[in-house]
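S.K.: So the sequence lines, in the order shown, correspond to chains A and B. First residue of the first sequence: 29, per this note's numbering; consecutive thereafter. First residue of the second sequence: 29, per this note's numbering; consecutive thereafter. This is the structure I have questions about; it appears just below.
There are 2 protein chains.
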Amino acid sequence: MTQNRIIKICIVEDDALILKSLQMVLNQAEGYAVTGTFFSAEAALENLKEHHPDVLLLDIDLPGISGIEAIPRLKKLQPELNIVMLTVHDESELVFAALRKGAVGYLVKGSTSKYLLQGISEVIEGGAPMSPSIARAVIASFAPKTETVLTDREVEVLEKLSNGTNNKQIAEDLFVSTNTIKAHIKNIYKKLHVHSRAEAVTKAIKKGLI
Amino acid sequence: MTQNRIIKICIVEDDALILKSLQMVLNQAEGYAVTGTFFSAEAALENLKEHHPDVLLLDIDLPGISGIEAIPRLKKLQPELNIVMLTVHDESELVFAALRKGAVGYLVKGSTSKYLLQGISEVIEGGAPMSPSIARAVIASFAPKTETVLTDREVEVLEKLSNGTNNKQIAEDLFVSTNTIKAHIKNIYKKLHVHSRAEAVTKAIKKGLI
DNA sequence: GTCCAAATCACCCATCTGGGTAATGGTATG
DNA sequence: CATACCATTACCCAGATGGGTGATTTGGAC
């Protein structure tokens, strides 16, 4: 059982007060030890390999490299690392993004010690601490597989969308029917989690898809 | 009248043959004198102040700093300078861009002497030598004034658009009616020369407006 | 050989969008 | 004070969009 050994935890949090508070709660609890703390994602990335924690608590909103951006980099250093996000409110957008990057769950800052410890033990036992609404979104998202990767055809359509081209014209440009274009657009929306051309274009540009 | 004195002309043209030809035509004509010639925009920028021409003939397609790029810099050195572009074919895109930068007209290389002299005298008299199609584009473009600068409110609406928010929701967010939002969007479209949300968003992001 | 995803196409329908036209009050700028 | 621009609102209308459901074909993965 995991209870037979001490769970090593590292924390990345720019707010010194919150960090101290978390550290105290965890160190006082049976079976947990905070073995490293960092004030930035950059610092964590540089020193993670020296700590090899079982769990990493990662602030979602860090200055510089954000928590979300840091996830893939941290995972690269220690692939099996359990990353748990720290967030003020459970804003589904950000948390969702973090989970998609590889975080296993999240904890809300300022919760009770009991809640925090329960969340971490949940992670150690292979669980994923999160609210029901987030859980639902995750299920819905990962069920249709496809990891936000658009097909070549979809990217092609997306580029047309960004130029303000309408379905009819796109259909003519690509030598297919407007129904096909509609089908592609629907798939793009599903994959990008958007509901309009404008939103799809924004997301695509900001993600560098087009 | 302008006919009472000699019109000083400078020419920027990288093709030596064309430059010589222009120089000859103008020097032989009554009332005109080519007082300086340059093979590049860089050379013109360095020496313009020594010449103070009435008219500058500027090749649109120069190596290094292009004719179009040179316009604002030349204008900075001599604000009231009449810049006339020299172009091989009257490609509306380039000519249009030049006019937007402050050129007063353009002449097609290889035209007859009569045409060239007429164009330059037109400039001196406050006219703008250009083809009807270019003229129409210019009218259409400069009529709605406001040089792609959006008002604060419009930027606000644009940001909502980029999030895929629909008119009704934007209206609620900004505490106004949907009709107002529609009006703002129409104005945004006019200013950005676009016809859809997706296109507006693309342009706005690429221009750094949002 | 079977399964699956990608690409193709169809039909329906409520709602939204884009474009045209017009008007009002407020606030600068001249 | 007049003109200009901004923000605001209204009405109309054709056409486009977003969403739901369902189907076929083809080519690669297992």
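No residue lacks a Cβ here, since even glycine has one placed at the ideal position from N, Cα and C. Since this is a predicted model, take the numbers as computed values, not measurements.
1. Report the rounded CA-to-CA distance for alanine 228 of chain B versus isoleucine 216 of chain B, giving the unit in angstroms.
2. In chain A, which residues lie with their C-beta within 8 Å of the C-beta of threonine 230 of chain B?
3. Using only the alpha-carbon positions, how far apart do valine 53 of chain B and serine 141 of chain B sit?
4. With a threshold of 16 other CB atoms inside 10 Å of the CB of leucine 45 of chain A, please say whether the residue is buried or exposed.
5. Using DSSP with H/G/I as helix, E/B as strand and the rest coil, what is lysine 235 of chain A?
6. Output, in chain order, the set of chain B residues within a Cβ distance shorter than 9 Å of alanine 17 of chain A.
7. Quick one: what's got a C-beta closer than 7 Å to arginine 225 of chain A's C-beta in the same chain, skipping five residues either side?
8. Quick check: what's the CA-CA separation for leucine 109 of chain B versus valine 83 of chain B?
9. Report the partner residues of aspartate 87 of chain B according to the DSSP bridge assignment.
10. Measuring straight from C-alpha to C-alpha, what distance separates leucine 86 of chain A and glycine 95 of chain A?
11. Touching or not, the segment 100-108 of chain A and the segment 68-76 of chain A, by the rule of three or more beta carbon pairs under 8 Å?
12. Rounded to whole angstroms, how far is the Cβ of glutamine 106 of chain A from the Cβ of leucine 76 of chain A, which I believe are closer than 8 Å?
13. Less than 8 Å between CB atoms is the rule here; does arginine 101 of chain A satisfy it with respect to chain B?
14. Is isoleucine 213 of chain A helix, strand or coil by DSSP?
15. Would DSSP call valine 244 of chain A helix, strand or coil?
16. Quick one: does histidine 223 of chain B have its CB under 8 Å from some CB of chain A?
17. Find the residues of chain B that neighbour alanine 226 of chain A, judging by a C-beta separation of less than 7 Å, and give them in chain order.
18. Could you pull the start and end residues of the beta strand (DSSP E) that isoleucine 35 of chain B belongs to?
19. Answer yes or no: does any C-beta atom of chain B fall closer than 8 Å to that of leucine 220 of chain A?
20. Run the CB neighbour count on alanine 211 of chain B, radius 10 Å, all protein chains shown included, and call it buried at 16 or more, exposed below.
21. Am I right that alanine 61 of chain A and lysine 36 of chain A are in contact with their C-beta atoms under 8 Å? What's the rounded C-beta distance?
22. Looking at the structure shown, is arginine 164 of chain A part of a helix, part of a strand, or coil, going by DSSP?
23. Is histidine 221 of chain B helix, strand or coil by DSSP?
24. Leucine 220 of chain A to leucine 178 of chain A, Cα distance in whole Å?
25. Quick test of your reading: glycine 133 of chain B and valine 112 of chain B, contact by CB under 8 Å. State the CB separation rounded to the nearest angstrom.
26. For a test of the three-state rule: what should DSSP assign to leucine 135 of chain B, helix, strand or coil?
27. Compute the beta-carbon to beta-carbon distance between asparagine 195 of chain A and isoleucine 209 of chain A, rounded to the nearest angstrom, for a pair I have assumed lies under 8 Å.
28. Is the beta carbon of glutamate 187 of chain B less than 8 Å from the beta carbon of isoleucine 238 of chain B?
29. Let me make sure I understand the geometry here. Which of B:Asp89, B:Val151, B:Leu145 has the alpha-carbon closest to that of alanine 126 of chain B?
30. Thinking just about the alpha-carbon of each residue, which of B:Ala199, B:Leu145, B:Lys48, B:Asp43 is nearest to the one in proline 91 of chain B?
M.R.: Concretely, from the data shown:
1. In the second sequence, the residue the question calls residue 228 of chain B occupies position 200. In the second sequence, the residue the question calls residue 216 of chain B occupies position 188. Going from the Cα of alanine 228 of chain B to the Cα of isoleucine 216 of chain B covers about 8 Å.
2. Locating residue 230 of chain B in the second sequence gives position 202, counting from the first residue. Chain order gives the chain A residues near threonine 230 of chain B as Ser190, Asn191, Gly192, Val229, Ile233, where near means a beta carbon separation below 8 Å.
3. Position 25 of the second sequence, counting from 1, holds the residue named residue 53 of chain B. Position 113 of the second sequence, counting from 1, holds the residue named residue 141 of chain B. Between valine 53 of chain B and serine 141 of chain B, the C-alpha separation is close to 6 Å.
4. Counted from its first residue, the first sequence places residue 45 of chain A at position 17. Exposed is the call here.
5. Position 207 of the first sequence, counted from the first residue, corresponds to residue 235 of chain A. Three-state DSSP puts lysine 235 of chain A in coil, outside helix and strand.
6. The structure shown does not extend to residue 17 of chain A, since chain A is modelled only from 29 through 238, so no value can be given for it.
7. As a working note, residue 225 of chain A is residue 197 in the first sequence. The answer, listed in chain order, is Leu189.
8. Residue mapping note: residue 109 of chain B aligns to position 81 of the second sequence, counting from 1. Residue mapping note: residue 83 of chain B aligns to position 55 of the second sequence, counting from 1. Computed Cα separation, rounded: 6 Å.
9. Along the second sequence, one-based indexing puts residue 87 of chain B at 59. Answer by DSSP bridge pairing, in chain order: B:Leu114.
10. For the purposes of this step, residue 86 of chain A is taken as the residue at position 58 of the first sequence. For the purposes of this step, residue 95 of chain A is taken as the residue at position 67 of the first sequence. Going by the C-alpha atoms only, they are around 6 Å apart.
11. Taking 8 Å as the limit for Cβ pairs, the verdict is that the segment 68-76 of chain A does touch the segment 100-108 of chain A.
12. Here residue 106 of chain A refers to the residue found at position 78 when the first sequence is read from its first residue. Here residue 76 of chain A refers to the residue found at position 48 when the first sequence is read from its first residue. So it is a contact: roughly 6 Å between Cβ atoms.
13. Looking up residue 101 of chain A in the first sequence gives position 73. For arginine 101 of chain A, the answer is no, since every Cβ of chain B falls outside 8 Å of its Cβ.
14. Residue numbering aside, residue 213 of chain A sits at position 185 when the first sequence is read from its first letter. Correct three-state label for isoleucine 213 of chain A: helix.
15. Lying before the first or after the last residue shown, residue 244 of chain A is absent from chain A, which here runs from 29 to 238.
16. Your numbering for residue 223 of chain B matches position 195 in the second sequence. The beta carbon of histidine 223 of chain B falls within 8 Å of a beta carbon belonging to chain A, placing the residue at that interface.
17. Within the first sequence, numbered from 1, the residue matching residue 226 of chain A stands at position 198. By Cβ distance, chain B contributes Leu189, Ser190, Gly192, Arg225, Ala226, Val229.
18. Here residue 35 of chain B refers to the residue found at position 7 of the second sequence. 35-40 is the extent of the beta strand (DSSP E) around isoleucine 35 of chain B.
19. Here residue 220 of chain A refers to the residue found at position 192 when the first sequence is read from its first residue. It does not: the Cβ of leucine 220 of chain A has no partner Cβ on chain B nearer than 8 Å.
20. In the second sequence, residue 211 of chain B corresponds to position 183, counting from 1. Its Cβ having fewer than 16 others within 10 Å, alanine 211 of chain B is exposed.
21. By one-based count along the first sequence, residue 61 of chain A stands at place 33. By one-based count along the first sequence, residue 36 of chain A stands at place 8. Contact flag correct, Cβ pair sits at about 6 Å.
22. As a working mapping, residue 164 of chain A is identified with position 136 in the first sequence. Since pLDDT at arginine 164 of chain A reaches only 46, below the 50 mark, its modelled position is unreliable, and no value is offered.
23. Counting from one through the second sequence, the residue named residue 221 of chain B turns up at place 193. DSSP places histidine 221 of chain B in coil when its eight states are reduced to three.
24. For the purposes of this step, residue 220 of chain A is taken as the residue at position 192 of the first sequence. For the purposes of this step, residue 178 of chain A is taken as the residue at position 150 of the first sequence. Cα to Cα, the separation comes out at about 9 Å.
25. Position 105 of the second sequence, counting from 1, holds the residue named residue 133 of chain B. Position 84 of the second sequence, counting from 1, holds the residue named residue 112 of chain B. Contact between glycine 133 of chain B and valine 112 of chain B holds, since their C-beta atoms are separated by about 5 Å, short of 8 Å.
26. The residue given as residue 135 of chain B occupies position 107 in the second sequence. In this structure, leucine 135 of chain B counts as strand in the three-state DSSP scheme.
27. In the first sequence, the residue the question calls residue 195 of chain A occupies position 167. In the first sequence, the residue the question calls residue 209 of chain A occupies position 181. That belief holds up - the Cβ atoms of asparagine 195 of chain A and isoleucine 209 of chain A are roughly 5 Å apart, short of 8 Å.
28. What you label residue 187 of chain B is simply residue 159 of the second sequence in a count that begins at 1. What you label residue 238 of chain B is simply residue 210 of the second sequence in a count that begins at 1. In contact: glutamate 187 of chain B and isoleucine 238 of chain B (Cβ atoms closer than 8 Å).
29. Taking the first residue of the second sequence as position 1, residue 126 of chain B is located at position 98. Selected option, being the one with the closest Cα: B:Asp89.
30. Working through the second sequence from its first residue, we reach residue 91 of chain B at position 63. Checking every option, the nearest Cα to that of proline 91 of chain B belongs to B:Asp43.
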